[in-house]
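S.K.:
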Amino acid sequence: MGDTVYIAKESDALEPRVAASPDTVKRMTALGLDVIVQKGAGAGSQISDEAFQAAGARIGTAADAKKADVVLRVRRPSDTDIKSLKAGAIVLAQMDPYGNEPALAALAKAGVTAFAMELMPRITRAQSMDVLSSQANLAGYQAVIEAAHSFGRAMPMMMTAAGTVAAAKVFVMGAGVAGLQAIATARRLGAAVSATDVRPAAKEQVASLGAKFIAVEDDEFKAAETAGGYAKEMSKEYQAKQAALVADHISKQDIVVTTALIPGRPAPRLISRDMLKGMKPGSVAVDLAVERGGNIEGARPGETVVIDGVTVIGLLNLPGRIAASASLLYAKNLYTFLETMVDKESGSVKVNMDDELVKATALTHAGAIVHPAFGGQTSKGAE
Numbered sequence: 013m014g015d016t017v018y019i020a021k022e023s024d025a026l027e028p029r030v031a032a033s034p035d036t037v038k039r040m041t042a043l044g045l046d047v048i049v050q051k052g053a054g055a056g057s058q059i060s061d062e063a064f065q066a067a068g069a070r071i072g073t074a075a076d077a078k079k080a081d082v083v084l085r086v087r088r089p090s091d092t093d094i095k096s097l098k099a100g101a102i103v104l105a106q107m108d109p110y111g112n113e114p115a116l117a118a119l120a121k122a123g124v125t126a127f128a129m130e131l132m133p134r135i136t137r138a139q140s141m142d143v144l145s146s147q148a149n150l151a152g153y154q155a156v157i158e159a160a161h162s163f164g165r166a167m168p169m170m171m172t173a174a175g176t177v178a179a180a181k182v183f184v185m186g187a188g189v190a191g192l193q194a195i196a197t198a199r200r201l202g203a204a205v206s207a208t209d210v211r212p213a214a215k216e217q218v219a220s221l222g223a224k225f226i227a228v229e230d231d232e233f234k235a236a237e238t239a240g241g242y243a244k245e246m247s248k249e250y251q252a253k254q255a256a257l258v259a260d261h262i263s264k265q266d267i268v269v270t271t272a273l274i275p276g277r278p279a280p281r282l283i284s285r286d287m288l289k290g291m292k293p294g295s296v297a298v299d300l301a302v303e304r305g306g307n308i309e310g311a312r313p314g315e316t317v318v319i320d321g322v323t324v325i326g327l328l329n330l331p332g333r334i335a336a337s338a339s340l341l342y343a344k345n346l347y348t349f350l351e352t353m354v355d356k357e358s359g360s361v362k363v364n365m366d367d368e369l370v371k372a373t374a375l376t377h378a379g380a381i382v383h384p385a386f387g388g389q390t391s392k393g394a395e
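My numbering applies: residue 13 is where the sequence shown begins, and numbers increase by one.
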């Protein structure tokens, strides 16, 4: 039997997702890995211990983490979790590294090789490992479902003998993965959808989903995209022009979904209190960036509040609200990355620090922080 992989039960009581599925357990055992799943790890995602066992895993306890060569998690291990890891262990998780340097230092001190799955580069080879995309897709979908639930009216146009119900007007701010899925979901529900983004490439994507594109399309807009395909921060002048256009448009909307994030930076403020005040009573706004400071002024992390008659939804971990689906996708992301490190002959896991995916995602290795974005220098050679 090869190296041991441990699937942890999340220590955060508000995290129902799990880092493996029966399918990925089956695939890992086929590679020669010994898989231990902590008892109850899949309960929040409707995966029983028996289902993991049937796929080839052993059901273990928290103490089994000490035996593991590889630990798979949804979120970064807590200080208590870190103490249960053996030196040299590989940990794959969403590490939320920005602004959490003390946690990275603790991982380095423990001697583990920690990978931040959310730093996976957006290149063709890594598409199937991109946890941000898989989870943002579900967040965009769930944002519209939550909005529809709070809206109190029907979404599609309905022509009945008693009269006509007008279609809800939905405006999506940010047309990345989450935004595009929000557009598609709102369209499926029959809403009249519009969207905005600072990236020129988004205009065609928005139109392809049958939504109307709203933006100030000046020279700065035409140049506004980073080499990695992410949005970049716009000038104050552009922001003012865009805010004026958006304020006018927003006043006519029933539902607004905001999805704007800039990696490593606080979320940009897109909707002010004045804009909310201009919306119709009974309107709904969903802030998908609330964990990073929020796009909507007054949005509160983990809460739904009513501001000037507008319901502002700031729910955390939207993918976790559909954990059964989110876990299946996340588990496949982790497995696909882990598979690149497995020696097919011996079933042992070896980290090649020169691999481009490893360089992009490795935070700690051999007792040090190695990621350049967090003060480290990526080391050379293979282990």
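Where a beta carbon is used, it is the ideal one built from N, C-alpha and C, also for glycine.
Note that the coordinates shown come from a computational prediction; the quantities given were computed from them, not determined experimentally.
Using 8 angstroms for Cβ pairs, my map puts VAL269 next to ALA166. What's the rounded Cβ distance?
M.R.: Here residue 269 is taken as the residue at index 257 of the sequence shown, counted from 1. Here residue 166 is taken as the residue at index 154 of the sequence shown, counted from 1. Going by Cβ atoms, the distance from VAL269 to ALA166 rounds to 18 angstroms, so no, they are not a contact pair.
S.K.: If you follow the alpha helix (DSSP H) that LYS289 is part of, which residue opens it and which one closes it?
M.R.: In the sequence shown, the residue the question calls residue 289 occupies position 277. Segment 285-290, the alpha helix (DSSP H) holding LYS289.
S.K.: In whole angstroms, what separates the C-alpha of GLU395 from that of GLY186?
M.R.: The residue labelled residue 395 in the question sits at position 383 within the sequence shown. The residue labelled residue 186 in the question sits at position 174 within the sequence shown. Residue placement at GLU395 is flagged as unreliable, the pLDDT there being 42, under the threshold of 50; the coordinate-derived value follows with that caveat. Looking at the two C-alpha atoms, the distance is approximately 41 angstroms.
S.K.: Work out the CA separation of SER33 and ARG39 for me, nearest whole Å.
M.R.: Working through the sequence shown from its first residue, we reach residue 39 at position 27. Working through the sequence shown from its first residue, we reach residue 33 at position 21. When rounded, the distance between both Cα atoms is 10 angstroms.
S.K.: Select from VAL30, ALA75, ALA74 and LYS79 the residue whose C-alpha is nearest the C-alpha of GLY14.
M.R.: Stepping through the sequence shown from its first residue, residue 14 is reached at position 2. Ranking VAL30, ALA75, ALA74 and LYS79 by Cα distance to GLY14 puts LYS79 first.
S.K.: What number of angstroms, rounded off, separates the C-alpha of SER23 from the C-alpha of GLY191?
M.R.: Start at 1 with the first residue of the sequence shown, and residue 23 comes out as number 11. Start at 1 with the first residue of the sequence shown, and residue 191 comes out as number 179. Answer to the nearest angstrom: the Cα atoms are 30 angstroms apart.
S.K.: Given that a residue counts as buried once 16 or more other Cβ atoms are within 10 Å of its Cβ, and exposed if not, what is ILE308?
M.R.: Looking up residue 308 in the sequence shown gives position 296. With 16 or more Cβ atoms within 10 Å of its Cβ, ILE308 is classed as buried.
S.K.: Who are THR16's beta bridge partners in DSSP?
M.R.: Mapped onto the sequence shown, residue 16 falls at position 4. For THR16, which the question treats as bridged, DSSP gives the partners ASP46.
S.K.: Could you tell me the distance, in whole angstroms, from the CA atom of ILE102 to the CA atom of THR348?
M.R.: The sequence position of residue 102 within the sequence shown is 90, counting from 1. The sequence position of residue 348 within the sequence shown is 336, counting from 1. ILE102 and THR348: Cα-Cα distance of roughly 15 angstroms.
S.K.: Check each candidate in ALA179, MET129 and VAL124 and name the one with the smallest Cα separation from ASP266.
M.R.: To locate residue 266, count along the sequence shown from 1; it is residue 254. It is ALA179 whose Cα lies nearest to the Cα of ASP266.
S.K.: Mind checking GLN58: buried by the 16 CB within 10 Å criterion, or exposed?
M.R.: For the purposes of this step, residue 58 is taken as residue 46 along the sequence shown, with counting starting at 1. The residue is exposed, with fewer than 16 neighbouring Cβ atoms inside 10 Å.
S.K.: Give me the residue from THR136, ALA207, THR197 and LEU300 with the minimum Cα distance to LEU257.
M.R.: Along the sequence shown, one-based indexing puts residue 257 at 245. Answer by Cα proximity: ALA207.
S.K.: For ARG70, which residues does DSSP report across the bridge?
M.R.: In the sequence shown, counting from the first residue as 1, residue 70 sits at position 58. According to DSSP, ARG70 bridges with ILE48.
S.K.: Residues in the same chain with beta-carbon distance under 6 angstroms from ALA372, minus the five sequence neighbours each way, listed in chain order, please.
M.R.: Working through the sequence shown from its first residue, we reach residue 372 at position 360. The residues are LEU131 and PRO133.
S.K.: Below 8 angstroms on the Cβ atoms is my contact criterion, and I expect ASP209 with ALA227 to pass it. Report the Cβ-Cβ distance as a whole number of Å.
M.R.: Indexing the sequence shown from 1 puts residue 209 at position 197. Indexing the sequence shown from 1 puts residue 227 at position 215. Indeed they touch by this definition, with Cβ atoms about 7 angstroms apart.
S.K.: Suppose contacts are defined by Cβ-Cβ distances below 7 angstroms. Is ALA115 in contact with ARG87 by that definition?
M.R.: As a working mapping, residue 115 is identified with position 103 in the sequence shown. As a working mapping, residue 87 is identified with position 75 in the sequence shown. Result no, Cβ atoms of ALA115 and ARG87 do not sit closer than 7 angstroms.
S.K.: Let's test the definition: count the other Cβ atoms within 10 Å of the Cβ of MET171 and tell me whether it reaches 16, buried, or not, exposed.
M.R.: As a working note, residue 171 is residue 159 in the sequence shown. That one is exposed.
S.K.: Less than 7 angstroms between the C-beta atoms of VAL363 and LEU43, yes or no?
M.R.: The sequence position of residue 363 within the sequence shown is 351, counting from 1. The sequence position of residue 43 within the sequence shown is 31, counting from 1. It is not a contact, given that the beta carbons lie outside the stated cut-off.
S.K.: Please return the same chain residues whose Cβ sits closer than 6 angstroms to the Cβ of ALA194, not counting the five positions on each side in sequence.
M.R.: Numbered from 1 along the sequence shown, position 182 holds the residue referred to as residue 194. Result list for ALA194: GLY152, ALA155, VAL156, VAL184 and VAL269, in chain order.
S.K.: Give me whichever residues DSSP pairs with ALA297 in a beta bridge.
M.R.: Here residue 297 is taken as the residue at index 285 of the sequence shown, counted from 1. Note: ALA297 sits in a beta bridge opposite VAL268 and VAL324.
S.K.: Within 10 Å of its beta-carbon, does ASP46 have 16 or more other beta-carbons around it, so buried, or fewer, so exposed?
M.R.: Position 34 of the sequence shown, counted from the first residue, corresponds to residue 46. Per the 10 Å Cβ criterion, buried.
S.K.: In angstroms, rounded to a whole number, what distance separates the CA positions of THR390 and GLU315?
M.R.: The sequence position of residue 390 within the sequence shown is 378, counting from 1. The sequence position of residue 315 within the sequence shown is 303, counting from 1. In this prediction, THR390 scores a pLDDT of 46, lower than 50, which makes its location untrustworthy; the coordinate-derived value is nonetheless stated afterwards. Each residue's Cα considered, the two are about 40 angstroms apart.
S.K.: For ASP366 and ILE135, I'd like the C-alpha separation in whole angstroms.
M.R.: Here residue 366 refers to the residue found at position 354 of the sequence shown. Here residue 135 refers to the residue found at position 123 of the sequence shown. Taking the straight line from one Cα to the other gives about 17 angstroms.
S.K.: Considering only their Cβ atoms, is the gap separating VAL302 from THR323 smaller than 7 angstroms?
M.R.: Within the sequence shown, residue 323 is the residue found at index 311, counting from 1. Within the sequence shown, residue 302 is the residue found at index 290, counting from 1. Against a cut-off of 7 angstroms, the Cβ pair of VAL302 and THR323 comes out as no contact.
S.K.: Could you pull out every unbroken alpha helix (DSSP H) segment of at least 4 residues lying fully inside the region 97-162, listed in chain order?
M.R.: Correct list: 113-121.
S.K.: In whole angstroms, give me the CA-to-CA distance for GLY111 and PRO275.
M.R.: For the purposes of this step, residue 111 is identified with residue 99 of the sequence shown, where counting begins at 1. For the purposes of this step, residue 275 is identified with residue 263 of the sequence shown, where counting begins at 1. Answer to the nearest angstrom: the Cα atoms are 12 angstroms apart.
S.K.: Am I right that VAL124 and THR352 are in contact with their C-beta atoms under 8 angstroms? What's the rounded C-beta distance?
M.R.: Numbered from 1 along the sequence shown, position 112 holds the residue referred to as residue 124. Numbered from 1 along the sequence shown, position 340 holds the residue referred to as residue 352. No, VAL124 and THR352 are not in contact; Cβ-Cβ is about 19 angstroms, not under 8 angstroms.
S.K.: Entirely within the region 185-269 and at least 4 residues each: give me those alpha helix (DSSP H) ranges in chain order.
M.R.: Entirely contained in the region 185-269, the alpha helix (DSSP H) runs reaching 4 residues are, in chain order, 189-200, 213-220, 231-234 and 248-262.
S.K.: So, helix, strand or coil for ASN345, using DSSP?
M.R.: Here the question's residue 345 lines up with position 333 in the sequence shown. Reduced to three states, the DSSP call for ASN345 is helix.
S.K.: Taking the C-alpha atoms as reference points, what is the distance between THR73 and SER96?
M.R.: For the purposes of this step, residue 73 is taken as the residue at position 61 of the sequence shown. For the purposes of this step, residue 96 is taken as the residue at position 84 of the sequence shown. Cα to Cα, THR73 sits roughly 11 angstroms from SER96.
S.K.: I need the straight-line Cα distance from LYS248 to PRO212, nearest angstrom please.
M.R.: For the purposes of this step, residue 248 is taken as the residue at position 236 of the sequence shown. For the purposes of this step, residue 212 is taken as the residue at position 200 of the sequence shown. Roughly 18 angstroms separates the two Cα atoms.
S.K.: Would GLN147 be called buried (16 or more neighbouring beta carbons within 10 Å of its own) or exposed?
M.R.: As a position in the sequence shown, residue 147 is number 135, starting the count at 1. Buried, by the Cβ-count rule.
S.K.: Is it buried or exposed for LYS289, if we count other Cβ within 10 angstroms and need 16 for buried?
M.R.: Position 277 of the sequence shown, counted from the start, is the residue given in the question as residue 289. Classification for LYS289: exposed.
S.K.: Per DSSP, MET40 forms a beta bridge with which residues?
M.R.: Residue numbering aside, residue 40 sits at position 28 when the sequence shown is read from its first letter. Answer is none; MET40 lacks a bridge partner.
S.K.: So what does DSSP say about ALA53, is it helix, strand or coil?
M.R.: Counting from one through the sequence shown, the residue named residue 53 turns up at place 41. ALA53: coil per DSSP, three-state reduction.
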